[in-house]
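K.L.:
Below is one structure. I have some questions about it.
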Amino acid sequence: MTMERAAFSRRSFLGHSYNLVGVVAALIILAWTLVAIFASYIIPHSIGDIVDDDYFGPMRQGLWLGSDYLGRDMLSRVLMGARYTVGISLAAVSIACFSGVALGMIAAVTGGWLDTCLSRFLDAMNSIPSKLFGLVVVAAVGSSIPALILTLAVIYIPGAYRFARALAVNINTMDFMTVARVRGESTAYLIGSEILPNIIRPVLADFGLRFVFIVLLLSGLSFLGLGLQPPLADWGALVRENIGGLPFAAPAVVVPSLAIASLTISVNLLIDNLPQKIRDRDA
Amino acid sequence: MNNLVEVRNLKIEATTDAGRVVEIIKGVSLDIADGEIVALIGESGSGKTTVALSLMGHARPGCRITGGEINVNGKNMAALSEKERAKLRGTDIAYVPQSAAASFNPASTIMEQVIEVTRIHSLMPPEQARKRAVELFWALSLPDPDGIGARYPHQVSGGQLQRLAAAMALIGDPKLVIFDEPTTALDVTTQIDVLKAFKSVMRADGIAGVYVSHDLAVVAQIADRIIVLKGGEVQETGTTAEILTSAKHPYTRELLAAFEPKQRQAHADAEAATNQLLRIDNITAGYGAVRDDGLPLIRAVDTVSMVVEKGRNLGVIGESGCGKSTLARVIAGIHPAAAGDIVFDGKPLQRAAGKRSRDQLREMQIVFQYADTALNPAKPVEDIIARPLVFYHGLDRQARSKRVDELLDMVRLPKSLRYRYPAELSGGQKQRVNFARALAADPKLIICDEITSALDTVVASAVIELLKELQRELGLSYIFISHDLSVVEAICDEIMVMYNGQRVEQITPDKVKAATHPYSKLLFSSVPKLDPTWLDGLVRDPELVSQYGHR
Amino acid sequence: MKSGVLNLVVKRLGIAVITLLIVLFAVFFATSMLPGDTASILLGQAATPEAVAGLREAMHLNDPAILRFLRWLLGLLHGDLGTSYANEMPVAALIGGRFVNTMKLAGITTLISVPLALTLGITAAMLRGSLYDRAVTILSIGVISVPEFMVATLAVLLFAVYLKWLPALSSVNEAHSLTDLVRIYAMPVITLTFVISAQMIRMTRAAVIETLSTPYVEMALLKGASRRRMVLRHALPNALGPIVNAVALSLSYLVGGVIIVETIFNYPGIAKLMVDAVATRDLPLIQSCAMIFCLGYLLLITAADVVAIMSNPRLR
Amino acid sequence: MTDKITNWTSADDAMVENAIRRGASRRELLKMLLAGGAAIAAGGVVLGRAKQAVAATPVSGGNFKAAGWSSSTADTLDPAKASLSTDYVRCCSLYNRLTFLDKDGKTQMELAESFDSKDAKTWAVKLRKGVTFHDGKDLTADDVVFSLKRHLDKAVGSKVAKIAAQMTGFKVVDKSTVEITLADPNADLPTILALHHFMIVQDGTTDFSKGNGTGAFVLETFEPGVRSVVTKNKNYWKSGKPYLDSFEFIAISDDSARVNALLSGDIAFAASINPRAMKLLESQQGFELSKTTSGNYTDLNIRLDMDPGKKADFVAGMKYLVNREQIVKSALRGLGEIGNDQPVSPANIFHNADLKPKAFDPDKAKFHFQKAGLLGQSIPVIASDAATSSIDMAVIIQAAGSDIGMKLDVQRVPSDGYWDNYWLKAPIHFGNINPRPTPDILFSLLYASNAPWNESQYKSEKFDKLLVEARGSLDQAKRKEIYGQMQTMVSEEAGTIIPAYISNVDALSSKVKGLEANPLGGMMGYAMAEYLWLEA
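Residue numbers (this note's numbering), protein chains in the order written: chain A, 2 to 284; chain B, 24 to 574; chain C, 20 to 335; chain D, 10 to 545.
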């Protein structure tokens, strides 16, 4: 086979090797995370205040990203939107991956009827279209932040479960698992100390990918009119409520769209270009 | 240029994860004459496979040929373009891989793959190619030569695949065939058939060959000349006879020494006779659906009984699939027996490990063949060794650290290794860590399941020496499961021969030559000797072979 | 060999029935959790307690929900999907045309996206590390990262509103010729192709690249095979399992996940039907739609398994 | 309301055109234009256009495709069950009523020839002769009695069961005369029967999927939640009508999709345009907007029998906190008229124009909240997409509140089940009331002590008495006076804040002609199909 060159030149630092794309992606994610954390301190206007008589106003001094359909300041709304998009997605993906991975590992280690039941049940859940599920749940319990997070999490648990279970089943066949079992170790130790460290990297990559899916699903749900309580809005909701401005490229709809794309593309690129630990034996 | 192959000052570099470039072949030169078979021998990491593959102009991903000339049949493979190299591959130079099982495409029939070379290079019409393939199947003494081509790789045994791989290499009428450890993965009884087949075909057609191996005894049977490699450099070159009889290089001598019969330790027989550590009676275990009588459909272990005495070792030998590994797992409780009793240290043991007490588990440890999978790659050595110390002995941090040092010392590993991860260790080091973990439990019995099979000869014999020493110091007992007679002979007091799930014979090492059971006879006679004439002179009872040889 | 596949299909069928039951029960309980019932929702602002009670009586909604659900299940055994609460039409009649629409859209999208994605994925793997490969990778990341409603809305604005090349609505009733068909389906199919292709491209590329590092591909190289031959003859047949699985998962999206596309293009498919059904708490209709989604999913997954097994002689 | 000329629509043209036909003076016309918001300078241009409109005569033929905003599998052709605009549109094309309201809100006869009563309690209805159903059967008094009586049957699930309940007796006098007896006198009966639910169906009909009526069109296709196609009724009793050969009505619930479909030429008419889409429509050629301000409103309801509405100061404060101008300007983008907290809109002949809306005054609001002791507390306000624009209104009120330290916690709840679960129930919530033809219906439904939809639980004996008095009176002037007084009472005393009457804006291709405004709602009170014609 011919020699493969890495897609982009890599540099090394602190025992890991990085490449430029990964670093840029990480910086964008970091920037949005900081915005999410400090949004309430840096927004120039309250997100509910109508500051412009016009609607879909253009970018100008004072209203750097123009105004939305009600004449509210878009910059403030996008910055605060970061908090909700990033926050809700992160919370949901954390719950989904934590539960999914834990269940997947337990199923793989325990096997037998527990494995069968869990797999069947979660497979069944998987067959329900996610957006419809979201619609039904939100129709049933109303849309609040906890409800949204839980709904999104539940939708993605089966996927995380399948993924983790497949990995864990492979690890489970390894001899060190057998050694640990005949040592008399508990299931908790087996999944926590023996399996998890071996699947953590792909699980984290999966975490990132699922984060992207959740951001997109959240914006999809917002598009269908489910989401946060006004005047709060995540990016998807911002796109939705301002979609009327799309025909004349109003910043009110373009900016949140770009924000969604920048976050999801960055996470994807970061996953594809994760820093690699250098396993390099001397001599 | 007189020789078919002339390699001059070959240099190959590899790039590590960090982007550091390491020279792994440091100026190798070698010649191969027409029709000559040259062996490349050395431990793993010596660069023997890398050199062999470079003869085809191929370097594995991450490697690059950086210097020197590789003249094969008058063409410098190092200088050709990839397209030009492709033209020569399969036609001028062919390759027989280490693991034929992995090198056959599982989704395609054997015949398709054997004649693929003729398709790629448009050598002959497919009909003719198939005919030629069948001829080769006959020549390689494959069973059912007319029908075997229609099968898929998984339907054929390992030894047959290895010969089919040879047919795949020979169909393009190459001038040079590269054999990359082609018999390493085979049972001894099978190895003989494969070796014989290779040798006769190569001789008949006057084909030159490169035979890569770490096993001197095997190489002795087939090679005209031997080149000893270590650390990417040629250590010594000579005819087979020269190397076997008057090796000059210390490394070569070390290799030879590993074949010398070991001094077995003497036991105080009187004491041992009365002290049964483990007794199993009529154990049956297997796989598949449980039948009405409570026994499984497929019996991997069939009513086997045996005894291990305190401070003494029992060897279990047999070919792959004979049930010896299942037996080990049954004893350890990993694979609970369907019937039979296990008595350990005077007390009956539960069949399943999960039902045994913590002390019972602690006193019987099992060490697996592949240290790669037996050590958790995500944990450093110290965590791996320390876990039993916490789990069984509840040692605190300080005591644990001290004990880890002691254990590393016991298995002759430097203390600095404790921070390394398994991937950063060599095969021998891994197996020592594997063993240290078993020792950490303070066991009475260690079941060693093929622990030396994945190791180079020299390393393996060092591990065996270590085991012996530890036994002297700690008064352990071993159950030693292996397909390699020399290993079992070296360490065991009793040898149990298994065939098809059953115990066929139990004898002491000194009586190996006087085995009574026909299978034992066949098995023992199949172990290659460091004698170039051994293979040619070997006469085997054809009836035995047809009854027990798995072809 | 044949019986292996047959066995699998039978086993899968059993699992499918169980999965289906789980889904139906889950949907039933979710629906019962929803506030209001068909009677109160149909009456809307006019839902005074007497009026609701009267209508409920008239619609036979007074029996406990579980009883009605079980009755529906029983009817299902005879192939009867029941009668819609909301407009008293047979559910089969309500679903019928829309199901055909959904299948048409899914079918056309499949015909376009699957060959496209596989070609891109395989060629990218073949030319791994090249500019082309990088372009495909970046493209698929880009596509996967953009919400589908953006793609759809932009497409409508561009092709329908400004250029006026294509109709903004996908009115299936007006497809009288092939040209009509192309015009009507162009935008929804493009949007859905965007949505589902990226994942297939990525999985195909990854699966092929993974098999490219196997010893038998190296063996093919050492036989002098071309890159093309290595990929198509050796890597691809062995990567088929994961690829087909990814394809099946992507396609399952086309059955129930296209609600946004149906909304934007006003395409009368069953996803929107189910949303409407939920809005009116129309239990038989909800259950029937859920059943179709579940069946579609199971069918695709099973088909993927069967293909994976057929392609692997060891499992046959 | 913006003063852009583009807001001058064909509906306004139609209004002017009609005024000219009636022989209105130039002064009247200008007044009308001012009311419509057009600048005086524009008057000349508009008049010119209006004259052209007069000159144009309807042409027959053409297939008309329109899109409504609601889509539901519960779509029905049973007029009694009709609940969505799509249902009304379909029913209007298939059936007729006894009466209908014209563009000025006056009651006109349709299937009835005359309504006569001496005491407003017993009514004799004479039917038009020579009217046939689509299936050929003649219209008789039996059909009328059947159609009206159905609403009293609970099993039918009629939307107007409450209103219909006052009709206690039906008598077939002869083949074309029906006598209706009311429980109490009600002078508005002819107007009440102009409601869309009181369409006349054939006696004994149980299956309404055929749409067998006397209307201008015959049903061809009906797919609930998707579309319907109706074709010209060649035997229609109104001569010359309808002009269209066929009328297809499809449901596009997505606002942008509906506008896009119009702009791309897929449809010729898009009902109920979101104000946010105005900019897009203004930028394109060949389209017009039709604005109808017919008395639809979204109101903020504060229940007077629950906290915090029990405190009169809270209600008073809220009335000052609502920035009506901003709501019309921002939330409705000018497509509405400022309301004065009572339900009778300017489109109604009984509207009390002397009653002025409360001005936005945060200081006064703060004063009242302080007095009520509620400043700083978090007070939940329920809003939902189910009540048009309520979320935007809530956000505007919330922002005004936060400026003076009044914390309003806006809770958006799902549209599904909103009317069942939140409306009328939550202490502070939004409602949305569709246009009703008479003040009597509005007050009886919404403000009488025993009103079924008493949104703020307003109770006043005096109000109840006035209501009965006005209902039974046949003296128009007196009724106007009483209704005016009642409007003031509601505005001052009830807990319903009606910040604006929302205009419905339909967008249509310039080729579509004949559209007029109607007090019963957009799309000419949903009955546009039989009046429209397409420019050749």
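Idealized CB from N, CA, C, for every residue including glycine.
Take Lys13/D and list the residues in its own chain whose beta-carbon comes closer than 8 Å to its own, dropping the five residues that flank it on each side.
P.N.:
Here Lys13/D scores only 35 on pLDDT, less than 50, and its place in the model is too uncertain to base an answer on.
K.L.:
How many angstroms separate the CA atom of Leu27/B from the CA atom of Leu163/B?
P.N.:
Using only the alpha carbons, I get a separation of about 25 Å.
K.L.:
So, are the CB atoms of Leu217/A and Ile261/A less than 9 Å apart?
P.N.:
yes
K.L.:
Using the Cα positions of Gly91/A and Arg421/D, report the straight-line distance between them to the nearest angstrom.
P.N.:
First, the residue type needs correcting, since residue 91/A is Leu and not Gly in the sequence shown. Cα-Cα distance, rounded: 23 Å.
K.L.:
Does the CB of Ala105/C have a neighbour CB from chain A at under 9 Å?
P.N.:
no
K.L.:
Check whether the Cβ of Lys98/B sits closer than 8 Å to any heavy atom of the ligand COA, and report yes or no.
P.N.:
Although the ligand COA was asked about, the structure shown includes no ligands whatsoever.
K.L.:
With distances taken between CB atoms, is the gap from Ser144/A to Pro423/D smaller than 9 Å?
P.N.:
yes
K.L.:
Is the beta carbon of Lys242/C sitting closer than 9 Å to the one on Ile143/B?
P.N.:
yes
K.L.:
Helix, strand or coil: how does DSSP classify Ala395/D here?
P.N.:
The answer is coil: DSSP assigns Ala395/D none of H, G, I, E or B.
K.L.:
Distance check for Ser411/D and Lys365/D, CA to CA, integer angstroms please.
P.N.:
Ser411/D has its alpha-carbon roughly 26 Å from the corresponding atom of Lys365/D.
K.L.:
What's the C-alpha gap between Val366/B and Arg374/B?
P.N.:
10 Å
K.L.:
Can you tell me where the beta strand (DSSP E) holding Ala509/D begins and where it ends?
P.N.:
Its beta strand (DSSP E) spans residues 509-518.
K.L.:
Mind checking if Asn128/B is an interface residue toward chain A, Cβ cutoff 9 Å exclusive?
P.N.:
no
K.L.:
Please compile the residues from chain A whose C-beta is within a distance smaller than 7 Å of the C-beta of Gly101/C.
P.N.:
The contacting residues do not exist; Gly101/C stays about 19 Å from chain A at best.
K.L.:
Below 8 Å on the Cβ atoms is my guess for Pro261/C versus His177/B; work out the distance and round it to an integer in Å.
P.N.:
The pair is not a contact, with the Cβ atoms about 19 Å apart (cut-off 8 Å).
K.L.:
List the residues of chain A that Ala397/B touches, going by C-beta distances under 9 Å, in chain order.
P.N.:
Met175, Asp176, Phe177, Thr179, Val180
K.L.:
Nearest CA to the CA of Ser500/B: which residue from Ala82/B, Leu545/B, Gly450/B, Met387/B?
P.N.:
Met387/B
K.L.:
Using CA atoms only, rank isn't needed, just tell me which of Asp99/C, Arg246/C, Cys313/C, Glu167/C is closest to Val208/C.
P.N.:
The shortest C-alpha separation from Val208/C is found at Glu167/C.
K.L.:
Take Asp124/A and list the residues in its own chain whose beta-carbon comes closer than 6 Å to its own, dropping the five residues that flank it on each side.
P.N.:
none
K.L.:
Give the C-beta separation of Pro403/B and Arg455/B to the nearest angstrom, bearing in mind that I take them to be a contact with Cβ-Cβ under 8 Å.
P.N.:
In fact, because the Cβ distance is near 15 Å, the residues do not count as touching under 8 Å.
K.L.:
Could you list which residues in chain B have their beta carbon closer than 9 Å to that of Val110/A, in chain order?
P.N.:
Under the 9 Å cutoff, chain B gives no residues; its nearest Cβ is about 13 Å from Val110/A.
K.L.:
Which residues in chain A sit within 8 Å of Val404/D, going by Cβ to Cβ distance?
P.N.:
Gly49, Leu71, Pro231, Pro232
K.L.:
Quickly, what does DSSP pair Ala526/D with across the bridge? List them, please.
P.N.:
Ala526/D pairs with nothing; no bridge assigned.
K.L.:
What whole-angstrom Cβ distance do Asp554/B and Ala243/B have, given they're in contact under 8 Å?
P.N.:
7 Å
K.L.:
Checking contacts by CB at 9 Å: is Val183/A closer than that to chain B?
P.N.:
yes
K.L.:
Following the continuous alpha helix (DSSP H) through Trp65/A, name the residue where it begins and the one where it ends.
P.N.:
Element bounds for Trp65/A: n/a, residue is neither H nor E.
K.L.:
Verify whether the separation of the beta carbon atoms of Arg166/A and Ala108/A is less than 9 Å.
P.N.:
Yes, the pair counts as a contact, with Cβ atoms nearer than the cut-off.
K.L.:
Which chain A residues are close to Leu436/B, counting only those with a beta carbon under 8 Å from its beta carbon?
P.N.:
The contacting residues do not exist; Leu436/B stays about 15 Å from chain A at best.
K.L.:
For a contact defined as C-beta to C-beta under 8 Å, what are the partners of Val140/B on chain C?
P.N.:
Lys242, Gly243
K.L.:
Name, please, each residue of chain B whose Cβ falls closer than 7 Å to the Cβ of Pro261/C.
P.N.:
Residues of chain B passing the Cβ test: none, with the nearest at roughly 13 Å.
K.L.:
In terms of residues, what are the limits of the alpha helix (DSSP H) holding Asn269/D?
P.N.:
Residue range 264-272 is occupied by the alpha helix (DSSP H) that includes Asn269/D.
K.L.:
Against chain B, which members of the stretch 299-333 of chain C pass a CB distance test of less than 8 Å?
P.N.:
Those would be Ser330, Asn331, Pro332, Arg333, in chain order.
K.L.:
Residues of chain C with a CB under 8 Å from the CB of Phe122/A: which are they?
P.N.:
Within chain C, the residues Ile41 have their CB atoms less than 8 Å from the CB of Phe122/A, given in chain order.
K.L.:
Using a Cβ-Cβ distance under 9 Å, would Gln183/B count as near chain C?
P.N.:
Chain C, which has no Cβ nearer than 9 Å to the Cβ of Gln183/B, makes this no.
K.L.:
Counting only beta-carbon separations shorter than 9 Å, does Phe213/C have a partner in chain A?
P.N.:
So no, Phe213/C is outside the interface.
K.L.:
Would you mind sorting His97/C into buried or exposed? The rule is 16 or more other CB atoms within 10 Å of its CB.
P.N.:
exposed
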